[in-house]
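Right, one structure below, let's go through it.
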Amino acid sequence: MSVRFDGQVAIVTGAGNGLGKSHALELAARGAKVVVNDLGGARDGSGASSEAAQAVVREIESNGGEAIAHGANVANYAEVEDMVQQAMNKWGRVDILINNAGILRDKTFAKMELADFQLVMDVHVMGSVNCTKAVWEIMRAQNYGRIVMTTSSSGMYGNFGQSNYGAAKMAVLGLMNTLVLEGAKYDIRVNALAPTAGTRMTEDLMPPEVLAMLTPESVTAGALTLCQKDAPNRFILCAGAGGYASTRLFETAGTFISTEEQSPEAVIASWDKICDQSGQAELASGAGQTEKFLTMAMTNAQPA
Ligand SMILES: NC(=O)c1ccc[n+]([C@@H]2O[C@H](COP(=O)([O-])OP(=O)(O)OC[C@H]3O[C@@H](n4cnc5c(N)ncnc54)[C@H](O)[C@@H]3O)[C@@H](O)[C@H]2O)c1
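Just so you know, we're using UniProt numbering here: the sequence shown kicks off at 1 and counts up by one.
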């Protein structure tokens with residue numbers, strides 16, 4: 001079964017370089033009309049240029065595909081709205097959004113300026129929020145949409161010097177979890193990709209022979225899996241160097257401590273039961289946790 005996107009319109013943010021460029025080229029090669037978004041700044045988010053996005057559009061066109069470039073800063077909602085409007089004017093729909101644009105401003109938390117924290121949050125979190133908001137009504141009206149958030153192992157597990165980036169990358173998973181619930185009725189599926197790839201974002205972190213194994217194309221195979229017609233929903237797909245894995249959030253069954261006994265000493269004494277992984281489960285929504293604990297409390301309640 002080959003994965004095709006004929007007749008579909010995709011927006012890929014930050015598609016002038018690295019992973020976004022690879023996603024855009026492969027979507028177009030498989031039939032999608034693509035909006036190649038890129039602000040064209042440096043790795044730290046400074047500056048702007050339309051050259052990178054335009055070069056990707058030329059490459060798509062020379063391969064026989066269709067694409068337009070747009071230089072919206074994803075952190076600016078008016079510019080994002082203009083980008084989506086241009087896609088609608090040209091092609092009349094938006095089926096796929098890959099929130100990929102990103103920057104780095106690494107420093108230990110002790111040395112980090114709040115402005116560097118804010119900018120990273122603006123690009124990754126508000127950038128994903130803005131682009132998703134601008135296509136949300138369109139996808140609801142179409143009863144179809146596929147959205148990919150780009151998260152990171154840095155957010156899910158932590159990385160020294162990346163408190164801003166890690167916080168932002170975890171935030172997009174929170175965004176995904178609720179959008180999945182609100183979009184389900186309209187066949188809008190929202191997934192997340194946790195890549196590891198040799199791009200300008202990582203080029204000074206690893207030796208060239210390692211970077212050569214970490215191809216953007218291996219990550220793109222995962223990205224396209226998450227935005228095809230039969231895509232999963234609420235899936236965190238990790239991809240790099242040809243390795244693919246799934247990250248999932250589980251909650252242990254836990255234990256109940258009665259009202260009279262609720263104290264830090266009792267919680268500490270129950271630690272093994274709290275951590276016992278037998279019976280752990282994924283919860284479909286936050287309300288599921290409240291329900292679980294109330295059920296536990298009612299089951300354990302002593303008759304008066
Ligand atoms: N490369 C990795 O190993 C890795 C690991 C985890 C997560 N990621 C994530 O993958 C995504 C792509 O990263 P990459 O490695 O290809 O980096 P990259 O620097 O090669 O590409 C990012 C692109 O985003 C664009 N961009 C930045 N800010 C923008 C803005 N405000 N508006 C529009 N475009 C903007 C840049 O111009 C650039 O072309 C990012 O979200 C990154 O955080 C990458």
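Glycine residues also receive a C-beta, built at the ideal position from the N, C-alpha and C atoms.
Original post:
Three-state secondary structure (DSSP) at Pro-195?
Top reply: The residue labelled residue 195 in the question sits at position 195 within the sequence shown. Here Pro-195 sits in strand by DSSP.
Original post:
Can Arg-200 be considered in contact with ligand 1, in the sense that its beta carbon sits closer than 7 Å to one or more heavy atoms?
Top reply: Sequence index remark: in the sequence shown, residue 200 carries index 200 (1-based). Yes.
Original post:
Roughly how many angstroms separate the alpha carbons of Val-148 and Gln-162, rounded to a whole number?
Top reply: Start at 1 with the first residue of the sequence shown, and residue 148 comes out as number 148. Start at 1 with the first residue of the sequence shown, and residue 162 comes out as number 162. Each residue's Cα considered, the two are about 22 Å apart.
Original post:
Which first and last residues belong to the beta strand (DSSP E) in which Glu-66 is found?
Top reply: Taking the first residue of the sequence shown as 1, we reach residue 66 at position 66. Here the beta strand (DSSP E) through Glu-66 covers 66-70.
Original post:
Looking only at C-alpha atoms, which of Ala-141, Ala-15, Tyr-165, Val-84 sits nearest to Ile-60?
Top reply: Locating residue 60 in the sequence shown gives position 60, counting from the first residue. When only C-alpha atoms are compared, the closest one is Ala-15.
Original post:
Straight-line CA distance for Thr-220 to Leu-226?
Top reply: If you number the sequence shown from 1, residue 220 lands on position 220. If you number the sequence shown from 1, residue 226 lands on position 226. Their backbone Cα atoms lie some 10 Å apart in a straight line.
**OP:** Run the proximity test for Thr-196: is its beta-carbon closer than 7 Å to any non-hydrogen atom belonging to ligand 1?
**Re:** If you number the sequence shown from 1, residue 196 lands on position 196. True, at least one ligand heavy atom lies under 7 Å from that Cβ.
**OP:** Leaving aside the five residues before and after Gly-47 along the sequence, list all residues of the same chain whose C-beta is less than 7 Å from its C-beta, in chain order.
**Re:** Position 47 of the sequence shown, counted from the first residue, corresponds to residue 47. Result list for Gly-47: Gly-41, in chain order.
Original post:
Between Ala-221 and ligand 1, is the CB less than 7 Å from at least one heavy atom?
Top reply: Residue numbering aside, residue 221 sits at position 221 when the sequence shown is read from its first letter. It does not: the Cβ of Ala-221 is nowhere closer than 7 Å to a heavy atom of ligand 1.
Original post:
Which residues in the same chain have their Cβ closer than 6 Å to the Cβ of Asp-6, if we skip the five residues on either side of it in sequence?
Top reply: For the purposes of this step, residue 6 is taken as residue 6 along the sequence shown, with counting starting at 1. So the list reads Gly-31, once near-sequence residues are dropped.
Original post:
Of the choices Asn-143, Trp-136, Ala-171, whose alpha-carbon is the least far from that of Thr-151?
Top reply: Sequence index remark: in the sequence shown, residue 151 carries index 151 (1-based). Among Asn-143, Trp-136, Ala-171, the Cα nearest to that of Thr-151 is on Ala-171.
Original post:
Under the three-state reduction of DSSP, which class applies to Met-1: helix, strand or coil?
Top reply: Numbered from its first residue, the sequence shown carries residue 1 at position 1. Here Met-1 sits in coil by DSSP.
Original post:
In terms of residues, what are the limits of the alpha helix (DSSP H) holding Ile-268?
Top reply: Position 268 of the sequence shown, counting from 1, holds the residue named residue 268. Start and end: 264-269.
Original post:
Any beta-carbon of chain C closer than 8 Å to the one on Arg-30?
Top reply: Of the protein chains in this structure there is only one, and it is not chain C.
**OP:** Return yes when the Cβ of Leu-193 is within less than 8 Å of the Cβ of Gly-222, no when it is not.
**Re:** Working through the sequence shown from its first residue, we reach residue 222 at position 222. Working through the sequence shown from its first residue, we reach residue 193 at position 193. Taking 8 Å as the Cβ cut-off, Gly-222 and Leu-193 qualify as a contacting pair.
**OP:** Look at the alpha carbon of Pro-208 and the alpha carbon of Gly-198, and state the distance between them as a whole number of angstroms.
**Re:** Translated into positions along the sequence shown, residue 208 becomes position 208. Translated into positions along the sequence shown, residue 198 becomes position 198. Taking the straight line from one Cα to the other gives about 9 Å.
Original post:
Any heavy atom of ligand 1 within a distance shorter than 7 Å of the CB on Val-74?
Top reply: The residue given as residue 74 occupies position 74 in the sequence shown. Result yes, Cβ under 7 Å from ligand 1.
Original post:
Just to confirm, does residue 345 get its C-beta within under 7 Å of one of the non-hydrogen atoms of ligand 1?
Top reply: With the chain covering only 1 through 304, there is no way to say anything about residue 345.
Original post:
Do you know offhand how far Asn-233's Cα is from Phe-293's?
Top reply: The residue labelled residue 233 in the question sits at position 233 within the sequence shown. The residue labelled residue 293 in the question sits at position 293 within the sequence shown. Spanning the two alpha carbons is a distance of roughly 26 Å.
Subject >> Exposure label - Trp-271; buried when at least 16 CB within 10 Å >> reply: As a position in the sequence shown, residue 271 is number 271, starting the count at 1. With fewer than 16 other Cβ atoms within 10 Å, it is exposed.
Original post:
What runs of the alpha helix (DSSP H), each 4 residues or longer, lie entirely inside the stretch 8-66?
Top reply: 18-29, 51-62
Subject >> Pairwise C-alpha distance: Ile-11 and Ser-278 >> reply: Taking the first residue of the sequence shown as 1, we reach residue 278 at position 278. Taking the first residue of the sequence shown as 1, we reach residue 11 at position 11. Straight-line Cα distance between these residues: approximately 42 Å.
Original post:
Alpha carbon to alpha carbon, how far is Leu-114 from Lys-33?
Top reply: The sequence position of residue 114 within the sequence shown is 114, counting from 1. The sequence position of residue 33 within the sequence shown is 33, counting from 1. One C-alpha to the other measures close to 39 Å.
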